[in-house]
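Notes to accompany the following structure.
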Ligand code: SAM
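Numbering (our numbering), first residue to last: 227 to 490.
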């Protein structure tokens with residue numbers, strides 16, 4: 227790897243701490259006949275550890291310059307396949323058709339510049355991911371895990387909490403990476419809820435969340451002015467709020483009820 231020209235634009239900060247790699251893999255309660263998707267194997271550090279515990283590993287790597295490095299570092303791992311493509315442009319549902327598995331996971335040290343699009347793609351794929359364990363920028367991890375009223379609480383927090391229980395695993399120092407990034411990181415697990423709250427329309431729910439949080443300083447009356455405000459008020463009153471409340475104070479259950487009430 228000595229001559230490798232790391233691309234900052236691709237979020238290429240490779241994990242060089244064996245202890246951290248083992249801890250990431252240990253977060254996941256792997257079950258029989260498992261398939262793990264890894265986004266961005268880089269030089270294969272995490273992939274090698276995953277290949278030891280999972281039945282099969284499928285990786286997506288955008289940078290074809292890593293092909294020979296990965297060939298070499300994964301030569302002993304017969305259960306790993308790498309697709310050299312942009313994960314965001316890949317049709318994962320189609321790629322998974324050739325696999326037989328009982329338990330699906332996603333484990334990755336994510337390229338930070340596309341953390342949210344990756345998570346959104348994974349959720350909207352409708353694939354049954356049992357456990358998603360990812361390394362993200364520490365501030366982003368705090369946001370995933372934020373509670374109503376906290377500064378970090380936003381539409382993505384509510385969206386994620388609808389589908390998953392969020393577990394903060396551990397913090398990773400910037401010194402564990404090559405090259406060293408400017409921020410610390412956090413490993414976080416998203417654990418699929420057995421039962422989600424009933425929702426009429428998931429797309430409408432997501433749009434409502436984006437609108438409710440659109441302007442951080444504005445209250446619900448302003449951010450949701452294109453919706454039926456009488457119905458919004460009716461729901462809010464049940465929880466002792468009115469239209470002057472800000473989205474960041476409202477919990478998941480209220481957003482679900484708002485979405486179900488407002489959806490025609
Ligand atoms: N897994 C390695 C590790 O932990 O050392 C590398 C992680 S590094 C933070 C992120 C990796 O994602 C890089 O290998 C980068 O080339 C890759 N990557 C960046 N954008 C990508 C994309 N759109 N699709 C697939 N891989 C991508």
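By construction, the Cβ of each residue, glycine as well, lies at the ideal position given by its N, Cα and C atoms.
Because the structure is a prediction, the values reported are computed rather than measured.
Selection from the options that minimises the alpha carbon distance to residue i
i: residue 442; options: 408, 242 and 475; result: 475
i: residue 322; options: 341, 348 and 473; result: 348
i: residue 325; options: 333, 479 and 261; result: 261
i: residue 432; options: 462, 301 and 489; result: 489
i: residue 366; options: 339, 375 and 293; result: 339
i: residue 513; options: 289, 464 and 346; result: Because the chain here runs from 227 to 490, residue 513 falls outside it and cannot be looked at.
i: residue 312; options: 251, 461, 332 and 265; result: 265
i: residue 390; options: 411, 400 and 356; result: 356
i: residue 398; options: 463, 384, 420 and 411; result: 411
Local Cβ density within 10 Å of residue i, reported as buried at 16 or more and exposed below that
i: residue 505; result: The structure shown has nothing for residue 505, since the chain only spans 227 to 490.
i: residue 255; result: exposed
i: residue 377; result: exposed
i: residue 422; result: exposed
i: residue 402; result: buried
i: residue 424; result: exposed
i: residue 369; result: buried
Where residue i sits in the DSSP three-state scheme
i: residue 333; result: strand
i: residue 369; result: helix
i: residue 288; result: coil
i: residue 403; result: strand
i: residue 488; result: helix
i: residue 197; result: In the structure as shown, the chain begins at 227 and stops at 490. Residue 197 is therefore absent and cannot be evaluated.
i: residue 390; result: strand
i: residue 395; result: strand
i: residue 364; result: helix
i: residue 385; result: helix
i: residue 418; result: strand
i: residue 409; result: coil
i: residue 240; result: strand
Proximity test, residue i beta-carbon vs the ligand PLP heavy atom, cut-off 7 Å
i: residue 452; result: Because the ligand PLP does not appear in the structure shown, any question about it cannot be addressed here, the ligands present being the ligand SAM.
Cβ-based neighbour list, residue i, same chain, cut-off 7 Å, excluding 5 preceding and 5 following
i: residue 299; result: 269, 270 and 274
i: residue 484; result: 434, 458 and 461
Residues of its chain near residue i, where Cβ-Cβ distance is below 6 Å and the 5 sequence neighbours each way are ignored
i: residue 202; result: An answer regarding residue 202 cannot be provided, because it is not within the stretch 227 to 490 covered by the chain.
i: residue 253; result: 359, 395 and 415
Same chain only: Cβ atoms within 8 Å of residue i, ignoring 5 sequence neighbours per side
i: residue 353; result: 318, 319, 322 and 330
i: residue 374; result: 474, 475, 476 and 477
i: residue 259; result: 281, 326, 327, 328 and 329
What runs of the beta strand (DSSP E), each 3 residues or longer, lie entirely inside the segment 293-339? DSSP runs (the beta strand (DSSP E)) wholly in the segment 293-339: 306-309 and 329-335.
For a minimum of 4 consecutive residues, which ranges assigned as the alpha helix (DSSP H) are wholly contained in the segment 421-477? 428-438, 446-449 and 455-464
Exercise for review: Scan the segment 243-282 and note each continuous alpha helix (DSSP H) run of 4 residues or more that stays entirely inside, going in chain order.
Suggested key: 244-252 and 271-279
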